[in-house]
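Read left to right, the sequence shown gives residues -22 to -1, 1 to 340 (mature numbering (1 follows the signal peptide of the UniProt record, and there is no 0)). The beta-carbon is built from N, C-alpha and C at its ideal position, and this holds for glycine as well.
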Amino acid sequence: MTYKKQILAIGCFGLLALHVSAQHVVSFCGEPVPMDQQFIQDKLINTIRKQVNVVNFPALRKRAFAYFPLVERYLAAYGLHRDLKYLPIVESGFLTEEESAVGAKGIWQIMPATARSYGLVISETRDERENFDKATRLACTLIKDNYNMLIKFVGRANWPLTIAAYNFGIGNIVKAVKAQGYNYFTMKLNPETALYVYKIIAVKELFEYPELYNSKFGYNIFNPGSGPGNMPAQKDLKVVNDPDVLQEIEKEVAKNAGRKETVVKEEYIMAHVQGRIRNFQDGDIVEVVLDEDLQTARKGLSYKGYKFGVQGWIIDDRVFFKLGYDHDVTLLDTNKEKGVLLTDLLSQKRIDVLLKNLVYEK
């Protein structure tokens, strides 16, 4: 499918940089990706380097941000990890009428037989794979079923294998596990499935940590001026704006409210950014000053008053900062939203911020 080929090019930008730091922590659905294994890095980087098609990434971002809050509520309702919101980007780019050469259709690219087996209607006049609510419920149920079937047939499950099964079919993945073991990243699979989870991870990295990648290429690959952006048609969103549908989802979300995440410690350190920067441009250096001590596993203790320069990158109407801690420390505003408003950076002399410091389970 065309969109899946395009998404490899997106992954190219992000994943070329992953080998730079041995400490770079990459996870998928709370499970660590073994980036310390060189052959996995090489496979990922060399495969994606072959993709040279130009992708209009800003247009994709605008569609995705319209859908993310909705998809996250469904994932929460079904007890699934929020990282799975990136799966529709790889499948369809959040295009509800996208159809593959083999007949998969909709945001989640559901095959006709799968749709019918889960009770969706497909006829000459009606295709419920285009219905956001029904298709998303099916996708969530299918993912959970895949996870449970792995446990049933091979004794245990993990999320890379579960999502590989979404692409390749649970029967094929069960056979592969029995023959090759449980590590998706070392398996020999068909070319599309072998890259499928890597592509989702690449998209996650670029959406959540764009500031880590822009500096590698010397320009802002997320610049909204690089191409036109299209929001999803209003008819796509009417289905999920139905109050009855949303109320039902919120009830289901509440059932999973106690589900634990992998982050075992999350602390916020006060700091401030020296603002009032005239004519700020992508890649410019901005000074950050600690207002409290900052302790990290990678760089140890930095005391209150410590100043350090960081690169800033304009993402939509905000500026994100590459702090030098990879994923461990992220700069947020005082409302805990990532980055700071570009208008504040231009106009305010001092901008109070929070540094979110994460510690993960080993």
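In this structure, how does DSSP classify residue i when only helix, strand and coil are distinguished?
{"i": "residue 87", "result": "coil"}
{"i": "residue 211", "result": "Model confidence at residue 211 stands at a pLDDT of 45, short of 50, so the residue's coordinates are unreliable and nothing is read from them."}
{"i": "residue 96", "result": "coil"}
{"i": "residue 324", "result": "helix"}
{"i": "residue 113", "result": "helix"}
{"i": "residue 48", "result": "helix"}
{"i": "residue 314", "result": "coil"}
{"i": "residue 205", "result": "The predicted model places residue 205 with a pLDDT of 38, which falls under 50 and marks its position as unreliable; any figure quoted below should be read in that light. Coil, per DSSP."}
{"i": "residue 79", "result": "coil"}
{"i": "residue 295", "result": "coil"}
{"i": "residue 336", "result": "strand"}
{"i": "residue 57", "result": "coil"}
{"i": "residue 150", "result": "helix"}
{"i": "residue 72", "result": "coil"}
{"i": "residue 258", "result": "coil"}
{"i": "residue 103", "result": "coil"}
{"i": "residue 15", "result": "coil"}
{"i": "residue 38", "result": "helix"}
{"i": "residue 1", "result": "Interpretation of residue 1 is limited by its pLDDT of 46, a score under 50 that renders its predicted location unreliable; the figure taken from the coordinates is listed afterwards. Looking at residue 1 - three-state DSSP - the assignment turns out to be coil, as it is neither helix nor strand."}
{"i": "residue 330", "result": "strand"}
{"i": "residue 142", "result": "helix"}
{"i": "residue 249", "result": "strand"}
{"i": "residue 65", "result": "helix"}
{"i": "residue 309", "result": "strand"}
{"i": "residue 120", "result": "helix"}
{"i": "residue -6", "result": "Confidence at residue -6 is low in this model, with a pLDDT of 43, below 50, so its placement is unreliable and no value can be given for it."}
Using 9 angstroms as the threshold, is the C-beta distance between residue i and residue j below it?
{"i": "residue 160", "j": "residue 132", "result": "yes"}
{"i": "residue 281", "j": "residue 267", "result": "no"}
{"i": "residue 175", "j": "residue 141", "result": "yes"}
{"i": "residue 277", "j": "residue 291", "result": "no"}
{"i": "residue 255", "j": "residue 272", "result": "no"}
{"i": "residue 308", "j": "residue 327", "result": "no"}
{"i": "residue 86", "j": "residue 54", "result": "no"}
{"i": "residue 311", "j": "residue 329", "result": "yes"}
{"i": "residue 325", "j": "residue 253", "result": "yes"}
{"i": "residue 51", "j": "residue 231", "result": "yes"}
{"i": "residue 116", "j": "residue 88", "result": "yes"}
{"i": "residue 143", "j": "residue 124", "result": "yes"}
{"i": "residue 275", "j": "residue 331", "result": "no"}
{"i": "residue 185", "j": "residue 79", "result": "no"}
{"i": "residue 105", "j": "residue 83", "result": "yes"}
{"i": "residue 318", "j": "residue 287", "result": "no"}
{"i": "residue 297", "j": "residue 179", "result": "no"}
{"i": "residue 336", "j": "residue 229", "result": "no"}
{"i": "residue 177", "j": "residue 68", "result": "yes"}
{"i": "residue 233", "j": "residue 57", "result": "yes"}
So, is residue i buried or exposed, given that buried needs 16 or more other C-beta atoms within 10 angstroms?
{"i": "residue 72", "result": "buried"}
{"i": "residue 107", "result": "buried"}
{"i": "residue 70", "result": "buried"}
{"i": "residue 76", "result": "buried"}
{"i": "residue 241", "result": "Interpretation of residue 241 is limited by its pLDDT of 49, a score under 50 that renders its predicted location unreliable; the figure taken from the coordinates is listed afterwards. Exposed is the call here."}
{"i": "residue 94", "result": "exposed"}
{"i": "residue 370", "result": "This structure cannot settle anything about residue 370, because the visible part of the chain is limited to -22 through 340."}
{"i": "residue -1", "result": "Since pLDDT at residue -1 reaches only 39, below the 50 mark, its modelled position is unreliable, and the value read off the structure follows with that caveat. Under this definition residue -1 is an exposed residue."}
{"i": "residue 169", "result": "exposed"}
{"i": "residue 17", "result": "exposed"}
{"i": "residue 61", "result": "buried"}
{"i": "residue 91", "result": "exposed"}
{"i": "residue 156", "result": "exposed"}
{"i": "residue 134", "result": "exposed"}
{"i": "residue 148", "result": "buried"}
{"i": "residue 295", "result": "exposed"}
{"i": "residue 103", "result": "exposed"}
{"i": "residue 321", "result": "exposed"}
{"i": "residue 323", "result": "buried"}
{"i": "residue 164", "result": "exposed"}
{"i": "residue 166", "result": "exposed"}
{"i": "residue 121", "result": "buried"}
Provide the residue(s) that pair with residue i in DSSP beta bridges, ordered along the chain.
{"i": "residue 170", "result": "Residue 170 is not bridged to any residue."}
{"i": "residue 183", "result": "Answer is none; residue 183 lacks a bridge partner."}
{"i": "residue 127", "result": "DSSP lists no partner for residue 127."}
{"i": "residue 278", "result": "274"}
{"i": "residue 286", "result": "266"}
{"i": "residue 164", "result": "For residue 164, which the question treats as bridged, DSSP gives no partner whatsoever."}
{"i": "residue 319", "result": "296"}
{"i": "residue 6", "result": "9"}
Could you give the C-beta distance for residue i and residue j, rounded to a whole number, given that I count them as a contact under 8 angstroms?
{"i": "residue 182", "j": "residue 64", "result": "5 angstroms"}
{"i": "residue 96", "j": "residue 119", "result": "7 angstroms"}
{"i": "residue 9", "j": "residue 109", "result": "That belief does not hold up - the Cβ atoms of residue 9 and residue 109 are roughly 31 angstroms apart, past 8 angstroms."}
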